[in-house]
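For what it's worth, this note's numbering labels the leading residue of the sequence shown as 8, then goes sequentially. Working notes for the structure below.
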Amino acid sequence: SFVSPTSTSSIAGLLLFVIASFLQGIVRVTDNVTFTFTNRCGGTVWPGVLANSGSAPLETTGFALGPGEARSLAAPAGWSGRFWARTGCAFDGTSGGKCATGDCGSGEAECHGSGAAPPATLVEFTLGGGGGGKEDYYDVSLVDGYNVPVVVEPSAAGCPATGCLVDLNERCPPELRAAEGCRSACEAFDRPEYCCSGAFGGPDTCRPSAYSQAFKAACPRAYSYAYDDATSTFTCAASAAYSVTFCPRAGTSSRYDRRRMHMT
């Protein structure tokens, strides 16, 4: 039978509409990014979650993670914020608890929008922050000190892992030691040249100190001071998922190898 050009065009148009709607549905589903937190430390850690201003809080702002346990959280496209591990926490159910490191001051597992008290190793993300909204930015920062080793690994092929494998608590100078962590020079001495403030408030005037250089030597891909961007911020073309591992073991990932990453 004869099929008119108009009918053919209508069918083709309908098919294109159906395909476009299907693809749009896929994009909507995959807009969320999954963060999976794994604890390989010898004891429980309490990850803290803080959304940056303008980003909605995730489903939790803090939780307990026992040795060997893992938990995943979903974040929407465009989300930015930070994660960290709290250690040595004791919560009594009356908001009167505290943590030895990374304490957020809430007195309980949930941090309710409060950040980590230093020293704490920070994991920072900006989803869709570059490449016209198609690239994620991520880093591990020692600017606020250090409490546990951590590694971040994107699921997308070709995107670099970053982190700090070394136990800096074992190498921490006596003047920076605090409880179960290692303070930054800024936190320990509160001087402008260490804090990149005042007359030292720019990349041209704030230079790495002997302390930050020691951090950098141990963990070359982590932020060691405020203007350490060039070797410490990484991008990924909108990875669908990221793993965040506390106290990682060497060799757990082919992309996180001591020799290839030069992290130790």
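For glycine and all other residues, C-beta sits at the position ideal for the given N, C-alpha and C.
C-alpha gap between residue i and residue j, whole angstroms
| i | j | result |
| --- | --- | --- |
| V251 | G208 | 31 Å |
| P210 | E160 | 28 Å |
| S121 | A247 | 27 Å |
| Y218 | S191 | 8 Å |
| E194 | G88 | 22 Å |
| A163 | T133 | 16 Å |
| Y1 | N39 | Since the first residue of the chain shown is 8 and the last is 271, residue 1 is not available in this structure. |
| Y145 | P181 | 31 Å |
| A123 | G55 | 8 Å |
| V157 | A206 | 33 Å |
| G75 | G49 | 9 Å |
Residue burial classification, residue i (beta-carbon count within 10 angstroms, cutoff 16)
| i | result |
| --- | --- |
| A92 | buried |
| P255 | buried |
| V36 | Legend: pLDDT at V36 = 41, less than 50; position of this residue unreliable, value from coordinates given subsequently. Exposed: under 16 other Cβ atoms inside 10 Å. |
| F253 | buried |
| A245 | buried |
| K141 | exposed |
| N59 | exposed |
| A168 | buried |
| A77 | exposed |
First and last residue of the uninterrupted alpha helix (DSSP H) at residue i
| i | result |
| --- | --- |
| P54 | Here P54 belongs to no alpha helix (DSSP H); instead the beta strand (DSSP E) covers W53 to A58. |
| E200 | P199 to C202 |
| A77 | A77 -> not in any alpha helix (DSSP H); beta strand (DSSP E) instead, spanning A77 to A82. |
| E194 | A192 to F196 |
Residues that DSSP places opposite residue i in a beta bridge
| i | result |
| --- | --- |
| V150 | According to DSSP, which records beta bridges pairwise, V150 is partnered with nothing at all. |
| K105 | A97 |
Enclosing beta strand (DSSP E) for residue i [first to last residue]
| i | result |
| --- | --- |
| C3 | Any question about residue 3 goes unanswered here, given that the chain covers just 8 to 271. |
| Y249 | A248 to F253 |
Between the segment 104 to 116 and the segment 62 to 75, are three or more C-beta pairs nearer than 8 Å? yes
Would you be able to state if there are at least three C-beta pairs under 8 Å between the segment 83 to 90 and the segment 99 to 114? no
So, do the segment 142 to 160 and the segment 171 to 179 have three or more beta carbon pairs nearer to each other than 8 Å? yes
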